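Numbering (our numbering), first residue to last: 5 to 763.
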Amino acid sequence: MPDPKLKEKRWSQSFEKDLFSKWQSEKLYSKDKLKEGQVFVVDTPPPYPSGRWHVGGALHFCQIDMIARYWRMSRQNVWFPIGIDRNGLPIESRVEKDFSIKAHEVPRGEFLVKCRRTLDKYEKNISNIMNMTGLSVDWSNVYRTDSPEYRTLTQSTFIELWNNGLIYEDTKPNNWCPGCKTTLADAEVEYRTQKGKLIYVNFPLKDGGNIQIATTRPELLGACQAITVHPSGSKYSNLAGKTAIVPLYDKEISIIARDDTNPEVGTGAMMVCSYGDQEDVKVFRELNLIETIIIDQGGKMNELAGSYKGMTTKDAKAAVIKDLEAKGFVEKTESVDQNIPICWRSKDDIELISLPEYYLKQVEFVDKMRELTDDITFHPPKFKQLLLDWLGSISQDWPISRRRFYGTPVPLFICEDHGKFAPEPGVYYEAWDMKLKCTQCDKMCEGDTRVLDTWMDSSVSPLWVSGYKQNDEFFKRSFPVFLRPQGKDIVRTWLNYSLLRVYQMTGKKAFEHVWISGHVVDKEGKKMSKSLGNVVYPEPLVEKFGADTLRYYGAAEAKLGSDIRASEERIAGSAKFIQKLYNVSKFISMFDDSKAVKLEPVDAWIMGELAKLSSRSIRGYEDMDVFVPANEIRNFVWDIFASHYIEMVKGRAYEGDKSARYTLHAALRTILKLLAPITPFITDYVYRELYGKTIHLENFDKLEVGENLPTSDLIKFNESVWAKKKEAGISLRDEIKLKVPEILKTYEKDLIRMHNLRQ
RNA sequence: GGGGCUAUGGUCUAGUUGGUUAUGACGUCGCCCUUACACGGCGAAGGUCCCCGGUUCAAAUCCGGGUGGCCCCACCA
5 MPDPKLKEKR WSQSFEKDLF SKWQSEKLYS KDKLKEGQVF VVDTPPPYPS
55 GRWHVGGALH FCQIDMIARY WRMSRQNVWF PIGIDRNGLP IESRVEKDFS
105 IKAHEVPRGE FLVKCRRTLD KYEKNISNIM NMTGLSVDWS NVYRTDSPEY
155 RTLTQSTFIE LWNNGLIYED TKPNNWCPGC KTTLADAEVE YRTQKGKLIY
205 VNFPLKDGGN IQIATTRPEL LGACQAITVH PSGSKYSNLA GKTAIVPLYD
255 KEISIIARDD TNPEVGTGAM MVCSYGDQED VKVFRELNLI ETIIIDQGGK
305 MNELAGSYKG MTTKDAKAAV IKDLEAKGFV EKTESVDQNI PICWRSKDDI
355 ELISLPEYYL KQVEFVDKMR ELTDDITFHP PKFKQLLLDW LGSISQDWPI
405 SRRRFYGTPV PLFICEDHGK FAPEPGVYYE AWDMKLKCTQ CDKMCEGDTR
455 VLDTWMDSSV SPLWVSGYKQ NDEFFKRSFP VFLRPQGKDI VRTWLNYSLL
505 RVYQMTGKKA FEHVWISGHV VDKEGKKMSK SLGNVVYPEP LVEKFGADTL
555 RYYGAAEAKL GSDIRASEER IAGSAKFIQK LYNVSKFISM FDDSKAVKLE
605 PVDAWIMGEL AKLSSRSIRG YEDMDVFVPA NEIRNFVWDI FASHYIEMVK
655 GRAYEGDKSA RYTLHAALRT ILKLLAPITP FITDYVYREL YGKTIHLENF
705 DKLEVGENLP TSDLIKFNES VWAKKKEAGI SLRDEIKLKV PEILKTYEKD
755 LIRMHNLRQ
């Protein structure tokens, strides 16, 4: 048996580290390597370092890397940048937790330093995992959204929009998180279901009698300004125009007829308080009622709540119910399921409070956004609907200011005489900590103390990575961005806001393609979370199985758009394939490569099958679903190439047959290249050992698709011979008397030898 | 309340425009160290393709209804 060129007995993940440092020192993925002409930019999601990454984050980026690697081998000029998203609430709540402090209670500068250091710490964890898993990263070009340069871009876009009137300030009721003490956008609101109490309260009428109201928010009684009833459909319709008295507060309010009060719901009469829900907001605005805010910014009752002052809303609710019951106002109490709006970060209950905030116009852009989506290819197509659903639900402009600290400062300054003004764009303004001369007088003016919603930063990432306002020449070659890959959970935020912002700045769609993946969940299909204790971390898995195994698992486990259930058992299964690939390579490495010659029939057959494999795999890659090539290649390598072709051709290969040796190597090169985006380590290892250069700068082979291939007949025949020998109780190398069927006559020579057939 | 997605052997998963005995993996059970590989080879068992109805010569695949799961939206006071 000839000596294999591949010396190692088996593939070991310990070879991976070496290869990764080679890639880095050879600058394989460097931005400088880009050539003239169009650049295919991947708007890689900048991960947020506010905690340890679980295996889902790692697999998500591996998949994105596979796509980027495919396009790099296929279209060459691919820019795959890595950024880190570092602004906003997540890091602030992390720091508040880690240091047991409240952001509002420590000096701002000190708090910012703590945030930055904590970000650095968690960022290391992420970059470490990115390196371990073999991402094709150019670390010399990493960007951070909290850098002065990036924040300058965010501020420049803000200033331009402000000057164009697309950003305005207004005071309107908004989602308020009492824990974070800031306004939130609708996209930052989540919902929690809970059992609540529906209280039926009798409101006395001024003229005698009662009107009954069902409410889940009795603590808001003090802010009650009206009662509405349907004008005709309700038993209370005839009370419209009368006056009722608010229990406990002895305040007179009117009963008003409104078409949109559903007579079927509750008692048919609704109390309107500022603010229980969005419906209250609407009624207040339309009826011009005077707003009474009885919950303060910390989520506690204020003096307008009377004797309940200082209580949390929860305590106040209990106290109010008790008092109502004591005084005989309560008719009955029912238990109901409620959907409570909560903060995406702190999970505190959200209250509706009005404060002056800055808004970016989005309502008037919704139709345009819809139009843009028609010109973008979604992978998988079905997830386009996620975006359309969200667009359909947009009913108000985007509040973009946050009363927080670690974010891009609102770049506005306030002149006592001339009002607010925006400075010149193109420079970074730490507005809360500086003064600027008014544009119309000599006064030095204070800057706004608020910061921008994080999504104001991350939504311009497509502009940043394509060189907008930094490098006009590069921007021309790379915009619109070729691909936006992201998870389905941030469609309503990152995707939606990016399309909006980029359209507002450029008048164009941000992306040609959008790739949206499912989640990685635990083995029962549940979301991973620390509180459930079901979090799987990637580092031990990489150490145990290697990056290629984990990556292959991430590609082959589920079709694009489906969730992946993390399972160590199944990762172990992927390791087997990596090992199989190594063994096949090692076998072929026993033989010298050979020039193309006239191929023997069996060799021509496998080249035809290889061409089919190649075209199917590439079709999968072009659809950006790595599931397809991963499984196609596996099935081919294992079930056709190794089991049948290699067995058939072995004899000739040992004898030095040129056709066999050429075909073995040609097939191996094609297989390795097709697999290189998914398993970049083992493919590069073998390619370098056997062919003397890196695989990652190669192109895919163009092969002629074979037709009328005898594949199924060959497989069937081989299986029948194996079965017969087994039945006869003889070894596979023993001779057997068997005729090669007519249809396989062309392959007779190799078949006779493979099975030791006696004719 | 509305909408979307989904439902395939013990577990996970494929199935392009409907077409002969439904894919593969993991696991299970036999037999085998056959000159790349025992993290292997060969073989086997295991499925009413969620349920009901319809279209069709023909449906896991299309249509309608139902049930379960996941997700999104919404003003149930």
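Glycine included, each C-beta is placed from N, C-alpha and C at the ideal position.
In this text the structure is predicted, and so the values were computed from the model without any measurement.
Assign residue i to one of three DSSP states: helix, strand, or coil.
{"i": "Gly491", "result": "strand"}
{"i": "Tyr363", "result": "strand"}
{"i": "Tyr147", "result": "strand"}
{"i": "Phe417", "result": "strand"}
{"i": "Glu636", "result": "helix"}
{"i": "Leu564", "result": "coil"}
{"i": "Phe581", "result": "helix"}
{"i": "Arg454", "result": "coil"}
{"i": "Lys439", "result": "strand"}
{"i": "Arg196", "result": "strand"}
{"i": "Asn703", "result": "coil"}
{"i": "Asp717", "result": "helix"}
{"i": "Lys13", "result": "coil"}
{"i": "Lys304", "result": "strand"}
{"i": "Ile3", "result": "A query on residue 3 cannot be resolved here, the shown segment of the chain reaching from 5 to 763 and no further."}
{"i": "Glu355", "result": "strand"}
{"i": "Lys590", "result": "helix"}
Leaving out five residues before and five after residue i in sequence, what residues of the same chain have Cβ atoms less than 7 Å from its Cβ?
{"i": "Lys473", "result": "Leu157, Ser160"}
{"i": "Val141", "result": "Tyr33, Ile86, Met134"}
{"i": "Cys181", "result": "Leu188, Cys347, Ser350, Asp352, Ile354"}
{"i": "Phe387", "result": "Lys492, Ile520, Gly565"}
For the alpha helix (DSSP H) holding residue i, just list the boundary residues, first then last.
{"i": "Ile163", "result": "152-167"}
{"i": "Cys66", "result": "59-79"}
{"i": "Gly655", "result": "651-659"}
{"i": "Gln213", "result": "It should be noted that the sequence gives Gly, not Gln, for residue 213. Where Gly213 is concerned, there is no enclosing alpha helix (DSSP H), given that its DSSP letter is neither H nor E."}
{"i": "Arg692", "result": "684-695"}
{"i": "Val324", "result": "317-330"}
{"i": "Leu614", "result": "605-626"}
{"i": "Gln389", "result": "388-397"}
{"i": "Ile756", "result": "752-759"}
{"i": "Ile675", "result": "662-679"}
{"i": "Met509", "result": "500-510"}
{"i": "Leu545", "result": "542-549"}
{"i": "Asp102", "result": "93-103"}
Under 8 Å between the Cβ atoms of residue i and residue j?
{"i": "Trp459", "j": "Leu487", "result": "no"}
{"i": "Leu678", "j": "Ser621", "result": "yes"}
{"i": "Arg656", "j": "Phe595", "result": "no"}
{"i": "Val630", "j": "Ala559", "result": "yes"}
{"i": "Trp436", "j": "Pro413", "result": "yes"}
{"i": "Ala634", "j": "Ile575", "result": "no"}
{"i": "Glu361", "j": "Pro403", "result": "yes"}
{"i": "Ile257", "j": "Ser278", "result": "no"}
{"i": "Phe162", "j": "Leu456", "result": "yes"}
{"i": "Lys9", "j": "Ser598", "result": "no"}
{"i": "Asp688", "j": "Ile699", "result": "yes"}
{"i": "Ala615", "j": "Leu707", "result": "yes"}
Kindly indicate the opening and closing residues of the beta strand (DSSP E) around residue i.
{"i": "Ser521", "result": "515-521"}
{"i": "Gly423", "result": "423-425"}
{"i": "Phe382", "result": "381-383"}
{"i": "Glu335", "result": "334-347"}
{"i": "Gly113", "result": "Careful: Gly113 lies outside any beta strand (DSSP E), inside the alpha helix (DSSP H) at 112-136."}
{"i": "Ser482", "result": "Note, Ser482: premise wrong, no beta strand (DSSP E); alpha helix (DSSP H) at 476-482."}
{"i": "Ile260", "result": "255-261"}
{"i": "Val233", "result": "228-233"}
{"i": "Met373", "result": "Taken as a continuous stretch (DSSP letters only), Met373 belongs to no beta strand (DSSP E), being part of the alpha helix (DSSP H) at 370-378."}
Give every residue of the same chain whose Cβ lies closer than 8 Å to the Cβ of residue i, excluding the five residues on either side of it in the sequence, and list them in chain order.
{"i": "Asp263", "result": "His234, Pro235"}
{"i": "Trp726", "result": "Leu736"}
Excluding sequence positions up to five away, which residues of its chain have a Cβ less than 6 Å from the Cβ of residue i?
{"i": "Glu338", "result": "Leu202"}
{"i": "Thr137", "result": "Ala62, Cys66, Ala551"}
{"i": "Gly471", "result": "Phe478, Phe479"}
Decide if the region 95-107 is in contact with the region 695-703; the criterion is three or more beta carbon pairs, one per stretch, under 8 Å apart.
-> no
With a cut-off of 8 Å, do at least 3 Cβ pairs link the region 254-262 to the region 139-150?
-> no
Take every Cβ of the region 238-250, pair it with every Cβ of the region 198-216, and state whether three or more of those distances are shorter than 8 Å.
-> yes
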